[in-house]
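Take the sequence shown: its position 401, counted from the start at 1, is 401 in my numbering, and no numbers get skipped.
Every residue, glycine too, gets a C-beta built ideally from N, C-alpha and C.
The structure under discussion appears below in the form of C-alpha cells.
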Amino acid sequence: TSASFATATASATAADGLARSASASAANSASASAGQDYSRAFQNYHAPKAAAPRRQTHTYLSQSRLHSLVASCYLRVGRSPTQPSLSSLDCVELAQKQLRKSMMIDPSSGETYFLWAMACHARASLTTQFSDWMQAHRAWDRFLSLGATSVSSASTPSSAPASTALSGAGSLTERVSAMVARSDCLLLVQPARVDEALVAAKLAVQEAGQERTCRALAFGQVGRCLLRSGRYAEAAVMFRKSIQEDSSPVWMWLELAELYESSELDTAAELTYQEASRFLSKTKHAIPDRIHLLLRYTLLELRRGNHAKGLAAIDQVFKLQQHQATLDPSSSGKPSSTTYFLHALLLQAQLQGSPAAERPRGEDLKRLLGTIELNLEQAIKQDTRQPFYNLHLSQIHLEQKKLPEAESDCLYELEMNPNAPAWYQLGVVLLSAGDLHRSREAFEKAIQLDPQWR
C-alpha cells in the first residue's frame with residue numbers, strides 16, 4: 001500500500017502542476033497546449049483512486065479538491081478528454097456533477113463555489129435561459145457572500161470599501177471576476193436592470209484597486225453597461241481605459257470596434273481592428289484570437305465594399321489557420337466554414353461590382369467562378385445546416401449555366417430554411433430553364449412570404 005500511495009501522490013502532484021500549466025496556457029489563448037495539459041491532468045486526477053485506497057489518498061489531496069479539479073478540467077477545456085464527442089453543455093453538466101460532490105464533502109470551500117458559479121455562468125451562456133441566468137446570478141452572490149459573512153458588521157464601517165467586506169472570498173482576481181460576472185448576469189437577465197448592473201461594475205472597479213488586469217476587466221464591464229444604456233461616448237472611454245490597462249483580451253477590442261460600427265464610425269472601427277491585429281501579432285499564443293478578429297474585420301470591409309482589403313484579411317486567416325495546425329497537431333488545419341464562405345462572398349461581390357469593361361471574361365471568369373464554387377462547397381461540407389450557403393452556391397451555378405445544380409441548391413435551401421430570397425432565386429433559375437409556370441409560382445411564393453422584399 002505504501003508503494004500505491006506513493007504512486008497516487010506523485011500522480012496527483014503531476015496533475016496539479018499540469019493544471020496550473022494549462023491555466024496559464026488558457027490565459028494566453030494557447031488552446032492546444034491548455035487542452036493537452038488538462039487532458040493529462042484529468043487522467044492523473046483519477047489515478048489516485050485506482051492506485052491507493054481512498055483513506056490514504058485523502059491524506060494528500062482531499063476528495064473535495066479532487067472533484068473540484070476534475071470539474072475545472074471540464075470547464076477549462078470545454079470538452080471531455082475521455083469522451084471528445086460530448087458537447088460543451090454536456091461538459092458543463094459533468095462539471096456541475098463533480099462540484100455538487102465537492103460541496104457535499106466541504107460546503108465551505110471558496111474555490112468550489114467559484115467554480116460552481118463559473119459552471120452556472122457557462123451553462124447560462126449556452127442555453128440563454130432566464131432561469132439559468134438567475135441561477136448564475138445567485139451563484140456569484142453566494143461566492144461573494146463567503147467573505148462578507150466572515151467579517152463582523154460591527155467591525156466593518158458602512159463606508160468601508162468593498163474589498164474589506166469581501167476579503168475572504170478568494171483572491172483579488174477571483175473577487176473582481178465574480179463581481180464582473182454578477183454584473184453581466186444582471187445585464188443579460190433583464191434589460192431594465194442595466195443601471196443595477198452598472199453599479200455592480202463600478203464596485204468591481206473599486207475592488208480592483210491598482211491591479212491592472214483586474215482594472216481592465218472591470219473597466220470593460222462598465223463599458224458594456226454604458227453601451228447597453230446607449231451612452232456610446234462614455235462606453236468608448238471605458239473600453240479605451242480597459243485596453244490601456246491590459247491590451248491582451250481580444251473581446252475588449254471587439255467591443256470597441258462594434259461600438260464604432262453601431263455609431264456608423266466605420267473608419268474608427270477599421271483602425272481599431274488594425275491596431276488590435278498589430279498587437280496580437282506579437283505573440284503566437286493569440287492565433288485563435290487573431291483569426292476571430294480578422295473575420296470580424298473582413299465583415300466590416302465587405303459591408304463597406306472594400307473588397308481588396310477584405311480579401312487581404314481572409315488571406316491572412318488562411319495562413320494563420322495553417323500555422324495553427326503546425327503548433328497544434330490535434331488541429332485539422334482546415335479553415336472554418338465561415339472563412340470559406342466569407343472568401344466566396346468577397347470574390348462574388350468583387351465580380352458583381354466590377355465595371356463591365358473590367359469584368360473577367362473567358363477562362364479568367366471560368367477560373368474565378370470555379371474558385372467561388374469550391375469555397376462555397378467547402379463551407380457547406382463543414383456546416384450543412386447553415387442558412388443561405390446553398391443560395392449563394394445556386395447563384396454561382398446559374399452563372400456557370402449549371403441549371404440542374406442551381407435548382408437543386410434552391411430546393412435544399414427551401415427544405416432547410418424557407419425564405420423569400422430562396423423562392424426568388426428558384427424563380428430566376430426556372431425562368432432561365434424556360435419553365436415559365438413553375439417560375440411564376442416561385443415568384444408568387446416569394447411575395448407571399450415577404451411582400452416588402454426586393
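For residue j and residue i, believed in contact at Cβ under 8 Å, the rounded distance
i, j, result
"Leu172", "Glu111", "About 15 Å; that fails the 8 Å criterion."
"Ala124", "Asp132", "4 Å"
"Phe114", "Ala178", "7 Å"
"Leu99", "Ala71", "5 Å"
"Leu271", "Leu227", "Their Cβ separation, rounded to whole angstroms, is 19 Å, which puts Leu271 and Leu227 out of contact at 8 Å."
"Leu187", "Val194", "6 Å"
"Arg224", "Glu255", "7 Å"
"His67", "Lys101", "5 Å"
"Pro394", "Gln425", "The residue you asked about is not Pro; residue 394 is Ser in the sequence shown. Rounded, the Cβ-Cβ distance is 5 Å, consistent with contact."
"Gln244", "Ile291", "Actually they do not touch by this definition, with Cβ atoms about 25 Å apart."
"Ile380", "Tyr389", "5 Å"
"Thr338", "Leu295", "6 Å"
"Gln400", "Ser336", "Their Cβ separation, rounded to whole angstroms, is 25 Å, which puts Gln400 and Ser336 out of contact at 8 Å."
"Val92", "Leu69", "In fact, because the Cβ distance is near 16 Å, the residues do not count as touching under 8 Å."
"Glu413", "Leu398", "Contact flag wrong, Cβ pair sits at about 13 Å."
"Ala218", "Ala208", "5 Å"
"Gly230", "Met252", "Rounded, the Cβ-Cβ distance is 20 Å, inconsistent with contact."
"Ala139", "Ala117", "4 Å"
"Pro387", "Met416", "7 Å"
"Leu430", "Ala442", "6 Å"
Continuous alpha helix (DSSP H) stretch holding residue i: start and end
i, result
"Arg440", "Leu436 to Leu449"
"Phe341", "Ser337 to Gly353"
"Asn390", "Tyr389 to Glu399"
"Arg303", "Ile287 to Arg304"
"Asp364", "Gly362 to Gln382"
"Glu407", "Leu403 to Met416"
"Thr326", "His307 to Leu327"
"Ser432", "Ala420 to Ser432"
is_contact[residue i, chain D] using C-beta, thresh 8 Å
i, result
"Val428", "No chain D appears in this structure, which consists of one protein chain only."
The segment 315-328 touching the segment 360-374, judged by at least three CB pairs closer than 8 Å:
no
Is there contact here, the segment 398-408 with the segment 375-386, by at least three beta-carbon pairs under 8 Å?
no
Cβ contact check for the segment 335-351 and the segment 314-324: 3 or more pairs under 8 Å
yes
Those runs of the beta strand (DSSP E) which lie wholly inside the segment 207-279 and span at least 3 residues
List check, beta strand (DSSP E) in window: nothing returned.
Could you tell me which uninterrupted alpha helix (DSSP H) segments, each at least 4 residues in length, are contained entirely in the segment 67-143, listed from first to last along the chain?
88-105 and 110-127
With a threshold of 8 Å, are at least 3 pairs of Cβ atoms found where one atom belongs to the segment 298-312 and the other to the segment 278-288?
With the cut-off at 8 Å, the segment 298-312 and the segment 278-288 do not touch.
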